[in-house]
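Participant: One structure follows; several queries about it will come next.
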Amino acid sequence: MPEIIEKKVNLQFPLGHHLHCLIAQLPNHLHTGGGRLPVEQEQQWRDVRSVLELVAQGEGNLKKLHFLLFPESCLPVNRFDDFLQQVQQTFRPNTVTMIGLEHVALEEYRTLLERFRDDNAEAIELVERDIDAGDVLAMPVNWCAIVIKEADGRLRVFLEAKSHPFHGEEFIDKHRDLYRGRHFYLLRSKPSCFNFMAIICLDYLYRNLYQSNIKQIIDHANQLYFNTRQGLDALFVIQCTPKPDHSAYRDVVCGFYGEYLEDLPGVRETVTVFGNTSGETMIDGATVPQGFGHAAVVINRHHRLAQVQFSEFRTDTFDHAPVCRLRFGSATRLLYFNLPLHHELDPRSSRVPLKVHSIMARSADGGWEKIPAAEPTEGYWLAEEPQAFREGVEGHVPR
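Listed below in structure tokens is the structure:
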């Protein structure tokens, strides 16, 4: 099982105010062979760079952005330095960027960890154990980077490798195997006391009767709560999956939020953010009808989201799971919303502080433009009407 490594980072988020998150639901064009590799490297870099430039401009309330989430395997590794340079030079302080990168061999991944040794010393030790145990340097690694620009402008770079096997391991050829990562980072921001993690796609699903990544995260968050009265505030899942609504995801969501496991305080108020690739994603030249896309935000059912349905998003309970879910469409979009505060801070049944600030689509010049709101008011408020609860409107989340 992967170890959970706690790291302290200097992030000064506004106290008593919600934080803002942007999901870049971009397409991937990948081919298989030594892992998942981008076919159109320059196009994928242009897509990523356009989002970075938009964030750097900070038009409207994008200046308030705190978390930027890209999909799995979307950044070519030869553009990693360009990516880091742009974040360092143009992003505002107190910004966290999470991105999945092109698969590389374990030998190259080990070199990258060494390059950022100050932030990844514990991870290097875990990788060294695997290297000493066998001939694994050529194994492909599915990995992501969590890049944090701290309050004083310092850039921190944390690297994680995916721990869950993928379909390549169904082949008899061992060289198609995927390296299994040995660690997750739990990033504890001071002085804001906001704790968050990022994991890659199937790492959210890896569970059996005796072991589970998610159960391990729950146990660690609970221990954190009992020791410090802090829990896990946000869990970001970096995805490139053609089945984001698979029942396996629903089963883990149910367990995480207390239906199958105990209702435990360390994760009771965790906001889970799933960032997927868009429906234009192609693997080995093929698309998946009604597959990729549908980024989502999942929160505890006590937040009580109203049942709404628009062309770009909807709310539901993920097939009657004990949660409220904000689910987006499958098109290529930038999805900007806020992370809700703890429910205890504002217990009114009429007040649910989850708002979609804007949804952006590609513009004719290759940039991004806002899609007009469907309502006369700016943005989309997702708040339950108290009268609806008193009258017991069918379809609403119960008390």
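Numbering of the sequence shown is given in our numbering, commencing with residue 838 and proceeding in unit increments. Beta carbons are placed, not taken as given, at the ideal position from N, Cα and C, and that holds for glycine. A quick note: this is a predicted structure, and the numbers were derived from the prediction, not measured.
(1) How would you write the range of the beta strand (DSSP E) that residue 981 sits in, first residue to last?
(2) Could you check where the beta strand (DSSP E) with residue 995 kicks off and where it finishes?
(3) Which partner residues of residue 935 appear in the DSSP bridge assignment?
(4) Residue 1021 and residue 839 - do their beta-carbons sit closer together than 8 Å?
(5) Whose CA, out of 869, 900, 846, 988, lies closest to the CA of residue 1173?
(6) According to DSSP, what are the bridge partners of residue 1026?
(7) Would you grab the beta carbon distance between residue 1167 and residue 1130 for me? Rounded to a whole angstrom, and I think it's under 8 Å.
(8) Rounded to the nearest angstrom, what separates residue 848 and residue 1031 at their Cα positions?
(9) Would you tell me roughly how many angstroms separate the C-alpha atoms of residue 880 and residue 927, rounded to the nearest one?
(10) On the three-state DSSP scale, how would you describe residue 1136?
(11) What three-state label does DSSP hand residue 962 in the structure shown?
(12) On the CB-based measure, 16 or more other CB atoms within 10 Å of its CB, does residue 862 come out buried or exposed?
(13) The alpha helix (DSSP H) with residue 1019 in it runs from where to where?
(14) Taking contact to mean 3 or more Cβ pairs, one atom from each stretch, closer than 8 Å, check whether the segment 884-896 and the segment 1191-1205 are in contact.
(15) Would DSSP call residue 1147 helix, strand or coil?
(16) State yes or no: is the C-beta of residue 978 within less than 8 Å of the C-beta of residue 998?
(17) Let me know if residue 937 comes out buried or exposed under the rule of 16 or more other beta-carbons within 10 Å of its beta-carbon.
(18) Is the beta carbon of residue 1193 sitting closer than 8 Å to the one on residue 1155?
(19) Looking at C-beta atoms only, is the number of pairs between the segment 960-974 and the segment 915-932 that lie closer than 8 Å three or more?
(20) Please look up how many angstroms separate the CB atoms of residue 984 and residue 948, rounded, as I've assumed it's under 8 Å.
(21) At the level of alpha carbons, what is the spacing between residue 994 and residue 939?
(22) Starting from the Cα of residue 986, find the closest Cα among 1029, 1033, 931, 969 and give me that residue.
(23) Whole angstroms is fine: what's the gap from residue 1238's alpha carbon to residue 1115's?
(24) Quick one, are the C-beta atoms of residue 1176 and residue 856 less than 8 Å apart?
(25) If I measure Cβ to Cβ from residue 943 and keep anything under 6 Å in the same chain, skipping five residues before and after, which residues do I get?
(26) Can you tell me which of 1056, 967, 911, 1081 puts its alpha carbon nearest to the alpha carbon of residue 875?
(27) Looking at residue 891: is its Cβ nearer than 8 Å to the Cβ of residue 860?
(28) Under the three-state reduction of DSSP, which class applies to residue 887: helix, strand or coil?
(29) Use the C-beta contact count for residue 1178: other C-beta atoms within 10 angstroms, 16 or more gives buried, fewer gives exposed.
(30) Thinking just about the alpha-carbon of each residue, which of 1027, 981, 1081 is nearest to the one in residue 1035?
(31) Could you name the residues of the same chain whose beta carbon sits closer than 7 Å to that of residue 1053, not counting the 5 residues immediately before and after it, in chain order?
(32) Specify, as a first and last residue, the run of the alpha helix (DSSP H) that residue 1195 falls within.
(33) Between 869, 1095, 917, 898, which has its C-alpha nearest residue 883's C-alpha?
(34) Cα-Cα, which of 1018, 1026, 1014, 1102 is closest to residue 845?
Facilitator: The relevant details are as follows:
(1) 977-986
(2) 992-998
(3) 906, 983
(4) yes
(5) Out of 869, 900, 846, 988, 900 has the C-alpha closest to the C-alpha of residue 1173.
(6) 846, 1031
(7) 3 Å
(8) 9 Å
(9) 21 Å
(10) strand
(11) helix
(12) buried
(13) It is not in any alpha helix (DSSP H) - residue 1019 carries neither H nor E in the DSSP assignment.
(14) yes
(15) coil
(16) Residue 998 is positioned such that its CB atom lies closer than 8 Å to that of residue 978.
(17) Here residue 937 is buried: its Cβ has 16 or more other Cβ atoms, across all protein chains shown, within 10 Å.
(18) no
(19) At 8 Å Cβ cutoff, the stretches do not touch.
(20) In fact, because the Cβ distance is near 18 Å, the residues do not count as touching under 8 Å.
(21) 17 Å
(22) 931
(23) The requested residue 1238 does not occur in the structure, where the chain is confined to residues 838 to 1236.
(24) yes
(25) 973, 974, 976, 978, 1016
(26) Across the set 1056, 967, 911, 1081, the C-alpha of 911 shows the shortest separation from the C-alpha of residue 875.
(27) no
(28) helix
(29) buried
(30) 981
(31) Scanning its chain for C-beta atoms nearer than 7 Å, with the 5 sequence neighbours on each side dropped, one finds around residue 1053 the residues 838, 841, in chain order.
(32) Taken as a continuous stretch (DSSP letters only), residue 1195 belongs to no alpha helix (DSSP H), being part of the beta strand (DSSP E) at 1192-1199.
(33) 917
(34) Nearest option by C-alpha distance: 1026.
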